[in-house]
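I have placed the structure first, in the form of structure tokens, so that the comments after it can refer back to it.
Protein chains: 2
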Amino acid sequence: MDHQITKPSILPGFMELLPAEQIAFNQMMDTIRANFERYGFIPLDTPLLEKAEVLLAKGGGETEKQVYRFTKGDNDLALRFDLTVPLARYVAQHFADLAFPFRRYHIGKVYRGERNQKGRFREFYQCDIDIIGLNKLSLINDAEIPSIIYSTFKGLGFNSFTIRLNNRKLLNGFFESLGIQDKIGLDAVLAEVNAMGVTDRTGEAIAEFISIKGSNREILASLKQLEVNNAQFNEGLEELSQVVHYINCFNVPEANVVIDLTIARGLDYYTGTVYETILNDHPGIGSVCSGGRYDNLAGYYTKQQLPGVGISIGLTRLFYQIQEAKLIHLNQAATLTEALVIPMKIPIEAAIGVANQLREAGIIAELYLEETKLDKKISYANKLGIAYVVLIGEDELKSGLLSLKSMVTGEQSPMGVSQIIEKVKDKQ
Amino acid sequence: MDHQITKPSILPGFMELLPAEQIAFNQMMDTIRANFERYGFIPLDTPLLEKAEVLLAKGGGETEKQVYRFTKGDNDLALRFDLTVPLARYVAQHFADLAFPFRRYHIGKVYRGERNQKGRFREFYQCDIDIIGLNKLSLINDAEIPSIIYSTFKGLGFNSFTIRLNNRKLLNGFFESLGIQDKIGLDAVLAEVNAMGVTDRTGEAIAEFISIKGSNREILASLKQLEVNNAQFNEGLEELSQVVHYINCFNVPEANVVIDLTIARGLDYYTGTVYETILNDHPGIGSVCSGGRYDNLAGYYTKQQLPGVGISIGLTRLFYQIQEAKLIHLNQAATLTEALVIPMKIPIEAAIGVANQLREAGIIAELYLEETKLDKKISYANKLGIAYVVLIGEDELKSGLLSLKSMVTGEQSPMGVSQIIEKVKDKQ
Numbered sequence: 101m102d103h104q105i106t107k108p109s110i111l112p113g114f115m116e117l118l119p120a121e122q123i124a125f126n127q128m129m130d131t132i133r134a135n136f137e138r139y140g141f142i143p144l145d146t147p148l149l150e151k152a153e154v155l156l157a158k159g160g161g162e163t164e165k166q167v168y169r170f171t172k173g174d175n176d177l178a179l180r181f182d183l184t185v186p187l188a189r190y191v192a193q194h195f196a197d198l199a200f201p202f203r204r205y206h207i208g209k210v211y212r213g214e215r216n217q218k219g220r221f222r223e224f225y226q227c228d229i230d231i232i233g234l235n236k237l238s239l240i241n242d243a244e245i246p247s248i249i250y251s252t253f254k255g256l257g258f259n260s261f262t263i264r265l266n267n268r269k270l271l272n273g274f275f276e277s278l279g280i281q282d283k284i285g286l287d288a289v290l291a292e293v294n295a296m297g298v299t300d301r302t303g304e305a306i307a308e309f310i311s312i313k314g315s316n317r318e319i320l321a322s323l324k325q326l327e328v329n330n331a332q333f334n335e336g337l338e339e340l341s342q343v344v345h346y347i348n349c350f351n352v353p354e355a356n357v358v359i360d361l362t363i364a365r366g367l368d369y370y371t372g373t374v375y376e377t378i379l380n381d382h383p384g385i386g387s388v389c390s391g392g393r394y395d396n397l398a399g400y401y402t403k404q405q406l407p408g409v410g411i412s413i414g415l416t417r418l419f420y421q422i423q424e425a426k427l428i429h430l431n432q433a434a435t436l437t438e439a440l441v442i443p444m445k446i447p448i449e450a451a452i453g454v455a456n457q458l459r460e461a462g463i464i465a466e467l468y469l470e471e472t473k474l475d476k477k478i479s480y481a482n483k484l485g486i487a488y489v490v491l492i493g494e495d496e497l498k499s500g501l502l503s504l505k506s507m508v509t510g511e512q513s514p515m516g517v518s519q520i521i522e523k524v525k526d527k528q
Numbered sequence: 101m102d103h104q105i106t107k108p109s110i111l112p113g114f115m116e117l118l119p120a121e122q123i124a125f126n127q128m129m130d131t132i133r134a135n136f137e138r139y140g141f142i143p144l145d146t147p148l149l150e151k152a153e154v155l156l157a158k159g160g161g162e163t164e165k166q167v168y169r170f171t172k173g174d175n176d177l178a179l180r181f182d183l184t185v186p187l188a189r190y191v192a193q194h195f196a197d198l199a200f201p202f203r204r205y206h207i208g209k210v211y212r213g214e215r216n217q218k219g220r221f222r223e224f225y226q227c228d229i230d231i232i233g234l235n236k237l238s239l240i241n242d243a244e245i246p247s248i249i250y251s252t253f254k255g256l257g258f259n260s261f262t263i264r265l266n267n268r269k270l271l272n273g274f275f276e277s278l279g280i281q282d283k284i285g286l287d288a289v290l291a292e293v294n295a296m297g298v299t300d301r302t303g304e305a306i307a308e309f310i311s312i313k314g315s316n317r318e319i320l321a322s323l324k325q326l327e328v329n330n331a332q333f334n335e336g337l338e339e340l341s342q343v344v345h346y347i348n349c350f351n352v353p354e355a356n357v358v359i360d361l362t363i364a365r366g367l368d369y370y371t372g373t374v375y376e377t378i379l380n381d382h383p384g385i386g387s388v389c390s391g392g393r394y395d396n397l398a399g400y401y402t403k404q405q406l407p408g409v410g411i412s413i414g415l416t417r418l419f420y421q422i423q424e425a426k427l428i429h430l431n432q433a434a435t436l437t438e439a440l441v442i443p444m445k446i447p448i449e450a451a452i453g454v455a456n457q458l459r460e461a462g463i464i465a466e467l468y469l470e471e472t473k474l475d476k477k478i479s480y481a482n483k484l485g486i487a488y489v490v491l492i493g494e495d496e497l498k499s500g501l502l503s504l505k506s507m508v509t510g511e512q513s514p515m516g517v518s519q520i521i522e523k524v525k526d527k528q
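Residue numbers (the numbering used here), protein chains in the order written: chain A, 101 to 528; chain B, 101 to 528.
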């Protein structure tokens, strides 16, 4: 061709995977999806591009600066930066067509033009579930969420993780009782107390609050003993007690859910229960699954009162961390193929027939069709990590028995197609 | 809240589905994925945003005008407009890490700022497979592709469709033999002959060529009888004959694959075999799955010669057409939930326990947790199309037998949890 070669590359901050990694990534996504579905969440898919005025109706904040926003023709467009705003817009827009409580999951890419740094991505998958009520939503939903987190992370292969639980009303009410204004930001208050130490009575009270430790039962008892005279605090305490009780009913082991009074995720957004999920052996990674309860999902788009509770897994970042720290064992094969059919100097028709039979039996089968030496064909299977090859040469055609070779053990034995099907299926 | 309400809406030309539609859409996507995987294709996922200079390396054409392109910071960005250019970039970029032939599938959204009209979408899913060879690629791959189209469309529920088959070399060589320059565009030549009728000798020859009809065997025989003295034509004829022969070996019924000498899809891109897929009862929809063979995938990004063959299904448009013309029966339920557990004036713990058991048995189970009247709970199940509800009241708690009610038949009978599990599983 009479043109220049453009260097093939992608944008900085974007993740792209090689086949083996991609297969492992998709397996994780499938596990998450299966868990979300098992709990009765329905799938949603919304446009990645939306009207900027709609997506940014709330406006302000760090997020807006990071948004990919541009114009095309008359349209002012933006790439979504999370899955929550599109959910709010969706529920408001399609309100009349939905049944409540509305349980949806959404697995999709979102975009944030973050500062370029290791482990931060500008395009990343979020895996979200939310339960949206109409006017009200039972607190027991807040207890079901941790059971979904638990089954999902178990399913992903994590053995040691902790779901941290708190209730915003506890903190809010506690600070209220001390006369501390919500406006200055509770994160800031906590940070200040943590950093500066304690001098006055308010500081002492906060320190006492934060230092409450023990089992969930002990923490709840200690909170009661504080005898905080504040309605919000007591509402939060009652809610947290209820949630802990019901989490137990959902069969989540006590070791996996602990009350942590210091977590205060998304203070401007969540209004009750909040969750974070920590990998016990890698707390430095931070929360791998977070969320909480909010009073009203879609106030920017509708006058309907839509309380909800939900969580989000940042899968791209989690996958990156898994690779960096080898957190769990990931699939290593660069293929889904279970058996590679290799013809050796025979009419190809016979090999096609065998591949047909394997595929009809539900086996992922591939045919090696290129003309080359046998060792090249075998090395193709090796390079991809295909577990079995089916060799068909003149001898095999004569005897009617094919050669099934395990690429793992090197073992090779003659057998009929139905036996091959059995053996390959068994191994998977 | 003290803010204005923004009208919730999405951009024109973007598809967004309600839950029942979304579930049906996802089922189609799952079917396509399962078929692609069964043939040994590996999944790829590339960024939706790429460097504009890379994505538009080829440049020119109608496509470039439609591209969503913008800048952010120092980056000149574009949203991908197909999955082929990202594949070319990917293969060139990761060449050393891939095994060839490289078989990949990719299901993802692409973006084209098309003129706004009914049935055209600016964001749509493409489902692509391609087999990429290194320097060469066996022609038998061209015959495997129709078997994937066949199994996929059968799997989707289509019963009457035709895969149209042609070879670009036939047309090229034929026109070459008549001294017609390729430059004016073969589509234009065909259109002219079709519209203007025939007056001279060249026109007669073209008309004769186009009028060749019959079974695949007859068409191949007629082409041979033309005795066109052109190397390219004869190469195309030989390839087409071979492809037809091997398609048979792949068990595709003859009725589903017909040679059609008039199809000339992507004349500037495809170089050999070309495919289109027509729904027999709705030919007006046009091709629902198209593709072909190309000499070199990634000439803009690498000097490696990478021939390939592939197809693409435009799923968003196909789904739209299915809905418009009721082409196949789609799932109607607005839920994946198989059983809804409904507590009636009992401590909720017992109901949670039942939901736990159903979920552990692999049943998609949901708990109705809101406090409301029974008929509202039942109407929730009805609205979503949930097949079974499990009713638990005081009587059920006393007897230990729950009430399983089929929402389809209205039948309600008392039974234990294990019997419920069996019954719900059987029905699915």
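Think of the CB as a built atom: it goes at the ideal place given N, C-alpha and C, for glycine as much as any other residue. None of the values given here were measured: they were computed from a predicted structure.
Kindly indicate if chain B contains any beta-carbon less than 8 Å away from that of Y394 (chain A).
Answer no: the Cβ-Cβ gap between Y394 (chain A) and chain B never drops below 8 Å.
Any C-beta of chain B sitting closer than 8 Å to the C-beta of I142 (chain A)?
yes
CA-to-CA distance, L323 (chain A) to S506 (chain B), given in whole angstroms:
The alpha-carbon atoms of S506 (chain B) and L323 (chain A) are separated by roughly 47 Å.
Are V358 (chain B) and F274 (chain B) touching if we call contact CB-CB under 8 Å?
no
Could you check what DSSP says for L144 (chain A) in three-state terms: helix, strand or coil?
coil
Going by alpha carbons, who is nearest to N427 (chain B) out of B:L436, B:R459, B:G384?
Residue identity differs from the one stated: residue 427 (chain B) is Leu in this sequence, not Asn. Considering only alpha carbons, the answer is B:G384.
Amino acids of chain A, ordered along the chain, whose beta-carbon sits closer than 7 Å to that of V154 (chain B)
T106, P108, S109
Using three-state DSSP, classify V328 (chain B) as helix, strand or coil.
coil
So with CB distances below 7 Å, who are the chain A contacts of E449 (chain B)?
Think of a sphere of 7 Å around the beta carbon of E449 (chain B): the chain A residues whose beta carbon falls inside it are C349, in chain order.
State yes or no: is the beta carbon of H103 (chain A) nearer than 8 Å to at least one beta carbon in chain B?
yes
Identify whether L149 (chain B) lies in helix, strand or coil by the three-state DSSP scheme.
strand
Do the CB positions of Q332 (chain B) and K269 (chain B) come within less than 8 Å of each other?
yes
Apart from the five residues just before and just after I312 (chain A), which ones in its own chain have a Cβ nearer than 7 Å to its Cβ?
In the same chain as I312 (chain A), and ignoring 5 residues on each side of it, the C-beta atoms closer than 7 Å to its own belong to I319, S322, L323, L361, in chain order.
When you compare the CB of V517 (chain A) with every CB in chain B, is at least one pair closer than 8 Å?
False, the Cβ-Cβ gap to chain B never drops below 8 Å.
Find the residues of chain A that neighbour S315 (chain B), judging by a C-beta separation of less than 9 Å, and give them in chain order.
Chain-order list of chain A residues neighbouring S315 (chain B): empty, with the shortest C-beta distance near 21 Å, by a criterion of under 9 Å.
Where does the unbroken beta strand (DSSP E) through D230 (chain B) begin, and where does it stop?
223-232
Buried or exposed for L474 (chain A), going by 16 or more other Cβ atoms inside 10 Å?
Note on L474 (chain A): under 16 other CB atoms within 10 angstroms of its CB, so exposed under the neighbour-count rule.
Measure the CB-CB distance between G516 (chain B) and L497 (chain B) and report whether it falls below 8 Å.
Using a Cβ distance threshold of 8 Å, G516 (chain B) and L497 (chain B) do not count as a contacting pair.
Skipping 5 residues on each side, what residues in its chain have a beta carbon closer than 7 Å to that of L148 (chain A)?
Cβ within range, chain order: L179, R180, K209.
From I232 (chain A) to Q405 (chain A), what does the alpha carbon distance come to, in whole angstroms?
Approximately 10 Å, taken between the alpha carbons.
Taking all protein chains shown into account, do 16 or more other C-beta atoms lie within 10 angstroms of the C-beta of E354 (chain B), making it buried, or fewer, making it exposed?
With fewer than 16 neighbouring CB atoms inside 10 Å of its own CB, E354 (chain B) falls in the exposed class.
Pairwise C-alpha distance: L436 (chain A) and L504 (chain A)
18 Å
Specify, as a first and last residue, the run of the beta strand (DSSP E) that Y176 (chain B) falls within.
The amino acid occupying residue 176 (chain B) in the given sequence is Asp; Tyr does not appear at that position. 175-179 is the extent of the beta strand (DSSP E) around D176 (chain B).
Which residue spans inside the segment 454-486 of chain A form an unbroken alpha helix (DSSP H) run of at least 4?
Whole alpha helix (DSSP H) segments, 4+ residues: 474-484.
Use the C-beta contact count for I520 (chain B): other C-beta atoms within 10 angstroms, 16 or more gives buried, fewer gives exposed.
buried
Rounded C-alpha distance that separates Q528 (chain A) from G161 (chain B)
Low per-residue confidence applies at Q528 (chain A): pLDDT is 46, beneath 50, and the placement is therefore not dependable, though the value from the model is reported in the following sentence. Spanning the two alpha carbons is a distance of roughly 48 Å.
Starting from F170 (chain A), find everything on chain B with Cβ-Cβ shorter than 7 Å and list it in chain order.
F170
Could you give the residue range of the alpha helix (DSSP H) that holds I306 (chain B)?
Segment 301-310, the alpha helix (DSSP H) holding I306 (chain B).
Please state whether the Cβ-Cβ distance between G356 (chain A) and F258 (chain A) is less than 8 Å.
Note on identity: in this sequence residue 356 (chain A) is Asn, with Gly being the wrong assignment. Cβ atoms of N356 (chain A) and F258 (chain A): not closer than 8 Å.
Strictly below 8 Å CB to CB, what residues from chain B border S238 (chain A)?
L469, E470, E471
Going by beta carbon distance, what residues of the same chain come within less than 6 Å of P186 (chain B), once the five residues before and after it are set aside?
T146, R180
How is N316 (chain A) classed by DSSP in three states: helix, strand or coil?
N316 (chain A) falls in the helix class under three-state DSSP.
Interface flag, F114 (chain B) vs chain A, CB-CB below 8 Å:
yes
Run down chain A in chain order and give the residues with a C-beta less than 8 Å from the C-beta of R220 (chain B).
Neighbours of R220 (chain B) on chain A: none; closest Cβ ~15 Å, over 8 Å.
Against chain A, does K209 (chain B) count as a neighbour if the rule is that its beta carbon must be under 8 Å from one of theirs?
yes
Would you say the segment 442-456 of chain B touches the segment 221-229 of chain A, given that touching needs at least three Cβ pairs under 8 Å?
Short answer: they don't touch.
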